[in-house]
Amino acid sequence: MRRLRFVESLMGSSAGAKQAPPPPAAAPKGGADESPAAEAPTVDSRLPYPNFRELFTLKNYWKTIRRNDKDCGKMLLARYLNQHPENTSKYPKLKNVDGATVDVSCNNPGFETVAANYLKVFDDVISAVEEKPGDVQPACDRLVAVGKMHRSKVSDMQNSAFQDMEEPFLNMVKEALQDRFNEKAEGLFRKFFQFLSFIQLFGHSFIHSFIHLLVFDDFCRILPHIVIMLFSRTL
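For the sequence shown, my numbering assigns the number 306 to the initial residue and increments by one for each residue that follows.
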């Protein structure tokens, strides 16, 4: 009998026994108000985004473009050439392409190569920022190097040519995202493009030192667009 009771006590099978409640779950460190944003990476001040959340949203949108990179690149270049057909002759690879009428269905090898190269510039910059959101130096270096190479290979190309690609770029994003393209998405990608344009014009060292002299964050974010408009009129 004693052996039976001993076994019952070990198994918790006594008729009147109640199972002990589980211990309460440990509260997360930092209190109940802690959110993922508290652990978000620091964003480099040279980026046009005040926090990591906006950068994270931009990256998620860009995934759709990456999945359709070939068509997106062709869409970007076609719209750019449609709006600026006079620039077609500046690209040796586009000698057999009519910039005024070309569209995304064009399968000319030269056209596809130039389109892929342009989209790769944007993708490389976003990839570099993804890897180190707190230090965009690699992204800036990549963009400056591409700008120098582009000017050396494309004859008689003005600085304003890259700025002329802003509307085709935003249109490409709109077509890729479809119903996901809204005011927020447009704002994020417009800031991104203006950031690239600013570095193309002045280089990464200038933008880094100049932004730190400013006080108002909102003014920092719209400054690239203001400067681009002013300089495009004088070039």
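Built from N, CA and C at the ideal position, the CB exists for glycine as well. None of the values given here were measured: they were computed from a predicted structure.
Endpoints, the alpha helix (DSSP H) within which residue i is located
| i | result |
| --- | --- |
| Ala466 | 465–468 |
| Phe357 | 357–372 |
| Pro473 | 471–482 |
Among the options, nearest to residue i - alpha-carbon criterion
| i | options | result |
| --- | --- | --- |
| Asn365 | Ser502, Arg485, Ile504, Lys496 | Arg485 |
| Ala433 | Leu360, Glu344, Gln483 | Leu360 |
| Arg372 | Ala481, Val441, Lys398, Val402 | Ala481 |
| Asp390 | Val402, Cys445, Ser350 | The identity of residue 390 in the sequence shown is Pro, whereas the question assumes Asp. Minimum Cα distance to Pro390 is reached at Val402. |
| Phe467 | Thr362, Pro346, Glu344, Gln388 | Gln388 |
| Ala420 | Leu381, Asp429, Cys445 | Leu381 |
| Asn413 | Pro443, Asp469, Gln499, Lys375 | Lys375 |
| Thr418 | Thr406, Ile431, Lys400, Val430 | Lys400 |
| Lys368 | Gly404, Ser502, Ile504, Val478 | Val478 |
| Thr406 | Asn487, Ala383, Lys437, Ile431 | Ala383 |
| Leu256 | Ile370, Leu363, Gln505, Pro353 | Only positions 306 to 540 of the chain appear in the structure, and residue 256 is not among them; the question remains open. |
| Pro344 | Phe357, Val409, Leu493 | The sequence given here places Glu at residue 344; Pro does not occur at that position. Closest option to Glu344, Cα to Cα, is Phe357. |
| Ser465 | Lys398, Asp408, Ile431, Leu501 | Leu501 |
| Asp408 | Pro473, Ser394, Leu352, Pro353 | Pro473 |
| Leu352 | Lys437, Glu491, Ser394, Cys411 | Lys437 |
| Ile370 | Lys398, Asn487, Gln483 | Gln483 |
Whether residue i touches residue j by CB criterion (9 Å)
| i | j | result |
| --- | --- | --- |
| Gly378 | Lys425 | yes |
| Tyr281 | Gly415 | Outside the displayed span of the chain (306 to 540) sits residue 281, for which this structure offers no information. |
| Asp349 | Asp440 | yes |
| Met470 | Phe497 | no |
| Thr347 | Lys489 | no |
| Val430 | Ala450 | no |
| Gly404 | Asn422 | no |
| Leu493 | Tyr354 | yes |
Segments of 4+ residues assigned as alpha helix (DSSP H) that fall wholly inside the segment 412–440: 414–436
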